[in-house]
Each structure stands twice: as C-alpha cells, then as structure tokens.
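First comes the structure, then the notes that go with it.
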Amino acid sequence: MTITRGVRAFATAALLLVALAACSEDGGATAPPATTSAPVVTTTPTPLTESQVASAAAEAKLREFYETLNLLRQDAARPISELKSVAISVELTAQQHLVRSERRKGRRQVGNSQIAELKVQSVSLDNSDPKAGKVPAVFIDVCWDVSNVDVVDKNGRSVVVANRPDAGWTRYTVSNYRYARDPSGAWRVSGGEDLKKAPCSPAA
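In mature numbering (1 follows the signal peptide of the UniProt record, and there is no 0), the protein residues as written are -24 to -1, 1 to 180.
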C-alpha cells in the first residue's frame, strides 16, 4: 500500500508538473503586434475662380499675340489674316496697318520681340452689353524687350533709329466679345497704351 500510494503521488505530481509547464508555455507566448496602415489623406484642389480662369486665358492669348506678330513681321509670305486669331477691334486694325506698311516698304524684322515681365492688373467680367463694348476684359501690363530685334530694308540695311529704347511698358486690354458662348477661347487683344515707367530688365 505504501508503494502504491507513493507511485500515485509521484504520478499525480508529474501530471501537475506537466500541466503547470504547459500553462507556463501558453502564458509566455505573445501574439504578434497587429499591423495598422496609415490612413490615406486625399486633398481636393481648390477650383479656380472665374477671374482666375479669365486671367490665365488672357495671359496665354497675349503671349500668342507677340509670337504671331514676330512671325508676320519676319515672313512676308504669311497671311495677315492670322492676326484675327489674336487681336480684335482697334488693336487688330493698328497691327494690320503696321504689317502692311512694312511689307510695302520691303522691310523685315530680324529677331524676336519678347515679353520680359507680365502683370495682370485687373479683371472685369461685365458682359452686360457686348454691342456697346461692355464685355469681359483683362488689363495686363507687359514689359517688352526688343534689344535683339532689328528691322532691315530690302537691301538688308537696318532702319532702326539710334535712340530706340530696348525695353518699355505697355498696358494691354484683352477682351472676350463672345464670352457667353466661349468664355475661355475667344479672348483677343483689343487695345494697348504705352506707360511711362522705368523699363524692366531684359528677358532671360
């Protein structure tokens, strides 16, 4: 009986030891940390105002205006009608007269007039009476640079006067006479007025 009790006690103790060891192993195991992904933040750009859209369209048209004039004054074979895509009203008439006059005299531009600085001064979106000229308009100050421009006659001799300024400021009016139908694509340079202010630095 003593041996039996001892065996049982030993067996019971062994079972308890195994159970405790198992519990210890289970309790010591740690679960891997849960992974979390950072939230994706999306930003919605602020839409442009009508004035900002008009300013951008007018600025682009004014740059195209300069490019078109350079091409027409450099190449007499180009049709003067190209001016209608960039100018309107009194500015169209003035530039048509200038280009025709130079061509009659056999004169040709060498080099490009450049925009050194461009500043939008104000925007008006008044479209109350297009027939009376009350149309949306953007007023833009441009400092032009003609330091690399020459005008030559049919013999290749320069006709530029010695005291011609290399740079100066002009305030342009860029208007849209078809704003109701084409608010972004119908902008044209409609007028310009020279300003008395210090010239800017030459274009880069």
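Glycine residues also receive a C-beta, built at the ideal position from the N, C-alpha and C atoms.
Strand pairing of residue i, partner residues [DSSP]
{"i": "GLN90", "result": "ASP121"}
Exposed unless 16 or more other CB atoms sit within 10 angstroms - verdict on residue i
{"i": "SER166", "result": "buried"}
{"i": "ASP37", "result": "It is worth fixing the name first, because residue 37 is Lys in this sequence and not Asp. So LYS37 ends up on the buried side."}
{"i": "THR44", "result": "buried"}
{"i": "ALA(-14)", "result": "The predicted model places ALA(-14) with a pLDDT of 40, which falls under 50 and marks its position as unreliable; any figure quoted below should be read in that light. Classification of ALA(-14): exposed, given that the 10 Å Cβ count is below 16."}
{"i": "PRO21", "result": "exposed"}
{"i": "residue 268", "result": "Since the first residue of the chain shown is -24 and the last is 180, residue 268 is not available in this structure."}
Spatial distance of residue i from residue j (CA atoms)
{"i": "ARG84", "j": "LEU74", "result": "12 Å"}
{"i": "PHE115", "j": "THR18", "result": "36 Å"}
{"i": "LEU59", "j": "LEU47", "result": "10 Å"}
{"i": "ALA162", "j": "SER134", "result": "37 Å"}
{"i": "GLY132", "j": "VAL86", "result": "10 Å"}
{"i": "ASP158", "j": "ALA32", "result": "15 Å"}
Option nearest residue i by Cα separation, candidates the options
{"i": "ARG26", "options": "VAL136, PRO112, VAL122, GLY168", "result": "Checking the sequence, you will find Glu at residue 26 rather than Arg. The candidate whose alpha carbon is nearest that of GLU26 is PRO112."}
{"i": "GLN50", "options": "ALA174, TYR153, VAL127, TRP145", "result": "VAL127"}
{"i": "GLY109", "options": "LYS173, TYR153, VAL86", "result": "TYR153"}
{"i": "VAL66", "options": "PRO141, LEU24, VAL150, ASP142", "result": "VAL150"}
{"i": "VAL122", "options": "SER31, SER57, PRO175, PRO106", "result": "PRO175"}
{"i": "ALA156", "options": "ARG140, PRO106, LYS95, PRO178", "result": "PRO106"}
{"i": "VAL118", "options": "THR69, ARG80, LYS172, ARG54", "result": "LYS172"}
{"i": "ASP129", "options": "PRO141, ASP170, GLU169, SER77", "result": "SER77"}
{"i": "ARG140", "options": "VAL62, ARG147, TRP120, ALA30", "result": "TRP120"}
{"i": "LEU24", "options": "ALA143, PRO178, ALA179, SER160", "result": "SER160"}
Answer yes if the region 121 to 141 comes into contact with the region 94 to 106, meaning at least three C-beta pairs across the two stretches below 8 Å, and no otherwise. no
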